[in-house]
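All remarks here apply to the structure that follows.
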Amino acid sequence: MKQVNVSPERQIAPLLFVALSVDAVVRPFVVPDQISAQSAVWAAAFSAVSVCAVCAVFFRVVSDRSLRLLRSGRMAQAKAVLLLFAAVTALSGGSSLVTTERFYRYVSDEPTLSLITAAIVLLAALYAVSRGMLTMTRAAGVICVLFAAGAALLLISAAGSMRIENLSFSAYPFSGAALRITTSCVFPAELLCFLLLKLPMHKSGARCIRRAVVWMALFFAGAAVAAELVLGARAAQQMQPLHTLARLGGLSVFKRFDALHVGIWLLALLMKQSLLLYGTRTAVRGLLPERAANACLPAAMALTLAGAFVCAAVPQRVVGVVLSYGTLAAFGGALLFSKCLGVEQ
Amino acid sequence: MAEQLTKSLLENKIRIKEMFGDCVDFYTKDVTLCGCRCCICMFEGLSSIERLWIMMLDILSQPHELRREPEDLFDYLMRRTAIPLESRSCVCFDDVRTQLTAGTSVILIDGVAQAVVLSTQSMQFRSVSEPSGEGNVRGSREGFTELLRVNLSLVRRLIRTGDLVVETMTAGERTQTELAMLYHRQLAPKALVETIRRKLRTAQLPFVFDTGYLAPFLQSKRFSFFQSVGYTERSDTAAAKICEGKIIVMANGSPFAMIVPYFFTENFASMDDYSEKAYFASLVRLFKYTAFFLAVLLQGVFVSVATFTPELLPDTMLYKIAAGEQATPLPLFLEALLVTFLLEIVREAGLRLPRPIGHSVSLVAALIVGDAAVNAGLLSTPVVIAAALSAICTFVVPSLYEPITVLRSLFVLAGGIFGPIGIAALLFCMVLNLCGMDSFGVPYLSPVAPPSRIVWNDGIVRANWRKLAAENFSVSDLPSETWGDD
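The listed protein sequences derive, respectively, from chains A and B.
Counting with the numbering used here, you get residues -2 to 342 for the letters of the first sequence.
Counting with the numbering used here, you get residues 138 to 623 for the letters of the second sequence.
Here's what the structure looks like:
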């Protein structure tokens, strides 16, 4: 009874959108970016264009067959690339775990122990991964709707406090901020997870990634503008500007929508954690022999925990840069692997 | 291989007597029909001798109806008389047992290795009445009864086309319960029909007294709080589901018909929705969804907020909760669990006892025990209010009672021990659990996830009949996914 088939690639877009956009609402706890909304819009556009360009080139050059061979990990070169994939996704998973724990401590007056929070998040991600990617994409669709509804509510509840004069304009935004815009460009490790799926990525999959990245950039730019409309120049000094916006906003007698937003953002963070754990598990599967298939998930969890310890010890800004370059390196590794295959043939 | 009937009347009689032992309700009588020695077999209470007399014996006892050969009598009965015999005769003892226990009369003829069957059923059964659990404001008042044939006739009366297919089979090693599978020849996907048929035939059960016994054999082995099969007591609901291309499974002895496949959104729909204006039906559905989430989350969120993030509560309410909590010996989440436990006990007591006593128990529990527990300082009023609200919301979606009850307790535990992160993680797992379920190849959360435009026609809300009629929905329109990854 499969008369009306839904293309699974189409389902990827909400998952990717949720996993990427949550970084805009729950930001890593670093020194505030100090960039204005105007610069943030350019940064988002620059990021989106860069990521889309890399993906476009990658999917044009790399065939589905080489990705399949890469996933299988039968060749030594594939194993080397998968090792890089596993390292980047595990480090990104660890970073996400640390961010979630810090965010939870930030919003909760009586926080749970860090280890317990991390254990709960990892267990939820473990359950998600054990249910499989199909389940995760469906759940991401539901969470995406909640996320979008939450964003709309945030906008409506903060609309009363928005002042157009709070926006700061600069005639030459690139003169001082060009370096900052380019350095704030990120290559999220979540993209790597999609290379590990058993899907024909070069067709609709690539289009969906592009769509999700564009939507994410719009969301990021919108969030930055909304934050500056309400908070003015102070928006750039906030650790979590959207949480501040949620805390300030309200509709009539309803003043504590922030609790609702935090709930939705936690769901999105859990989804992101699950996706990264899935990516690590899939990369580890290619590295381990067939008979050790059951050990892949525990190994992925151990790697993520190790990544979390690293991220907790190293400054978050450094982690961000390492992750971006690591993702680019992993893309490059996959590209090289594809070329090697072509030469061998 | 089934044991065949022989030509010897005596041998057949001995074998049937062996089969049923010394059952007091098993009736046999030797008679001579048209000059041939015969034996009438039937079960008292299931079959009526008066009816047999009127239908057959009276005609055959006429002196001019003499037949010399038994084969000639059999042939005469089966083909040349107006006696309304069953079209199929019994050729083995299994057939004889099946026919006798179905309430028909079996007539053995000496010298013939077959037996004729006459429908003389006269069994007692509950009359067709309004279903107790699926009340409706408008629409049919008919509910299924325990007798399968009556239930089949109720559905047949509503779908008067040649496309309604009824297949029967038996299940239950010790009970040999008759099952019926009803579906629409054109709309039900053939693969689905084949799958259900195979699963029902291969279900190894010692006995079957309700369609619920078969549910685990039809569903996925993977654990879930929710069921991918549904139940109805209403003939119009069953007919509507058949017209959507679904399959109805009925079991003799149970007034509950099973609906397969069944989706999450169907728990929030009722037959009334389709008789009312679309906007009102949609509003009622939205209320039901809200009630479901309140039933599952309210207590857990309340416990979590009051324990971990009390600043979210308005000051006045916070003082009252704090005052209430100081007066009680248990932590908030244990109080909430205790109230849930008490509510379940009261419900069980009210359900199992005779109805008048059940009402008294509910009254005593609600007024005396509840009030006394609050006055004695065992429970605080806010916890009781949250529990009562949750309980009322649960009754809005009765088909989800079981998952709601379990999930509510889990959310109380998660919220009480781990706070908001516990609630969020459990909610995430619940969403995954719902999203991971498939109902015979179609996602259980369909048409919500994966999203489909049907969600605006007859999903979370309902469109008006003009639009619904134009779309002409069937189960095949729901999206399904294939993915080689998992």
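The beta carbon of each residue, even a glycine, is placed where N, CA and C say it ideally should be.
- prompt: With a cut-off of 7 Å, does the C-beta of Phe565 (chain B) fall near any C-beta of chain A?
  reply: yes
- prompt: In chain B, which residues lie less than 9 Å from Ile206 (chain A) when you measure between Cβ atoms?
  reply: Here the premise fails: no neighbours, minimum Cβ distance about 17 Å.
query: Do you know whose CA, among B:Pro221, B:Leu289, B:Gln323, lies nearest Gly299 (chain B)'s CA?
result: With distances taken between Cα atoms, Gly299 (chain B) lies closest to B:Gln323.
query: Do the stretch 468 to 488 of chain B and the stretch 434 to 448 of chain B meet, that is, are 3 or more Cβ pairs less than 8 Å apart?
result: yes
query: Is it right to say Gln160 (chain B) is buried, meaning 16 or more other beta carbons lie within 10 angstroms of its own, or is it exposed?
result: Checking the sequence shown, residue 160 (chain B) turns out to be Cys, not Gln. Per the 10 Å Cβ criterion, exposed.
Proximity test, Cβ basis, 7 Å: Ala256 (chain A) and chain B: It does; some Cβ of chain B falls within 7 Å.
- request: Compare the C-beta of Glu287 (chain A) against all C-beta atoms of chain B and say whether one is closer than 7 Å.
  value: no
- prompt: Do Ser211 (chain B) and Val249 (chain B) have their C-beta atoms closer together than 7 Å?
  reply: Checking the sequence shown, residue 211 (chain B) turns out to be Phe, not Ser. The answer is yes: Cβ separation under 7 Å.
- request: Show which residues of chain A have a CB atom less than 9 Å away from the CB atom of Ile130 (chain B).
  value: Residue coverage of chain B in this structure runs from 138 to 623, which leaves residue 130 (chain B) outside it and unanswerable.
task: My understanding is that Thr304 (chain A) touches Gly90 (chain A), with C-beta atoms under 8 Å, so please give their C-beta distance in whole angstroms.
output: In the sequence on display, residue 304 (chain A) carries Gly and not Thr. Taking 8 Å as the upper bound for CB-CB distance, Gly304 (chain A) and Gly90 (chain A) are in contact here, some 6 Å apart.
- request: Could you check which residue in B:Ala606, B:Ile558, B:Tyr581 has the C-alpha nearest to that of Leu120 (chain A)?
  value: B:Ile558
Segments of 3+ residues assigned as beta strand (DSSP E) that fall wholly inside the stretch 153 to 182 of chain B: 163 to 170, 173 to 180
- request: With DSSP collapsed to three states, give me the class of Pro466 (chain B).
  value: coil
message: Can you tell me whether Tyr368 (chain B) is buried or exposed? The criterion is at least 16 other CB atoms within 10 Å of its CB, across all chains shown.
response: buried
- request: Drop a sphere of 10 angstroms on the beta-carbon of Pro343 (chain B), count the other beta-carbons inside from all chains shown, and report buried for 16 or more, exposed for fewer.
  value: exposed
field: Three-pair Cβ contact test at 8 Å for the stretch 289 to 297 of chain B versus the stretch 376 to 383 of chain B
entry: yes
query: So, Val366 (chain B) versus Tyr399 (chain B), is the Cβ gap smaller than 7 Å?
result: Cβ atoms of Val366 (chain B) and Tyr399 (chain B): closer than 7 Å.
- prompt: Val85 (chain A) to Ser546 (chain B), Cα distance in whole Å?
  reply: 39 Å
query: How long is the line joining the alpha carbons of Gln8 (chain A) and Ala460 (chain B), rounded to whole angstroms?
result: 50 Å
query: From Met(-2) (chain A) to Phe157 (chain B), what does the alpha carbon distance come to, in whole angstroms?
result: Confidence at Met(-2) (chain A) is low in this model, with a pLDDT of 41, below 50, so its placement is unreliable and the value that follows should be read with caution. Each residue's Cα considered, the two are about 45 Å apart.
- prompt: For Ser105 (chain A), which residues in chain B fall below 7 Å Cβ to Cβ?
  reply: Phe445, Thr446, Gly556, Pro557
message: What residue range does the beta strand (DSSP E) around Ile244 (chain B) cover?
response: 242 to 246
message: Strictly by DSSP, which residues pair up with Met395 (chain B)?
response: B:Tyr368, B:Val386
- request: Identify which residue in B:Leu582, B:Thr235, B:Thr348 has its Cα closest to the Cα of Gly596 (chain B).
  value: B:Leu582
Where Val598 (chain B) meets chain A, residues with beta-carbon distance less than 9 Å: What Val598 (chain B) touches in chain A: nothing, since even the nearest Cβ is about 14 Å away.
query: Using a Cβ-Cβ distance under 7 Å, would Arg244 (chain A) count as near chain B?
result: no
message: Taking 6 Å as the limit between beta carbons, can you name the residues of its chain near Ile220 (chain B), skipping five residues before and five after?
response: Met193
- request: Taking Glu155 (chain A) and Leu245 (chain A) to be in contact with their CB atoms under 8 Å, please state how far apart those CB atoms are, rounded to whole angstroms.
  value: What sits at residue 155 (chain A) in the sequence shown is Ala, not Glu. Going by Cβ atoms, the distance from Ala155 (chain A) to Leu245 (chain A) rounds to 7 Å, so yes, they are a contact pair.
- request: Answer yes or no: does any C-beta atom of chain A fall closer than 7 Å to that of Cys380 (chain B)?
  value: no
Supposed close pair Lys336 (chain B), Phe354 (chain B) - CB separation, criterion 8 Å: About 6 Å separates the two Cβ atoms, so the contact holds.
message: Would Pro587 (chain B) pass as an interface residue toward chain A - the criterion being a Cβ-Cβ separation below 7 Å?
response: yes
field: alpha helix (DSSP H) segment containing Thr114 (chain A), residue limits
entry: 111 to 128
- prompt: For Ala525 (chain B), which option in B:Glu485, B:Leu431, B:Leu563, B:Gly553 has the closest C-alpha, if you only look at C-alpha atoms?
  reply: B:Leu431
query: Does the beta-carbon of Thr143 (chain B) have 16 or more other beta-carbons within 10 angstroms, so that it is buried, or is it exposed?
result: exposed
message: Does any residue of chain A have a CB that is nearer than 7 Å to the CB of Ala561 (chain B)?
response: yes
- prompt: When every heavy atom of the ligand ZN is checked, does at least one fall within less than 6 Å of the C-beta of Val549 (chain B)?
  reply: This structure simply doesn't include the ligand ZN, nor any ligand for that matter.
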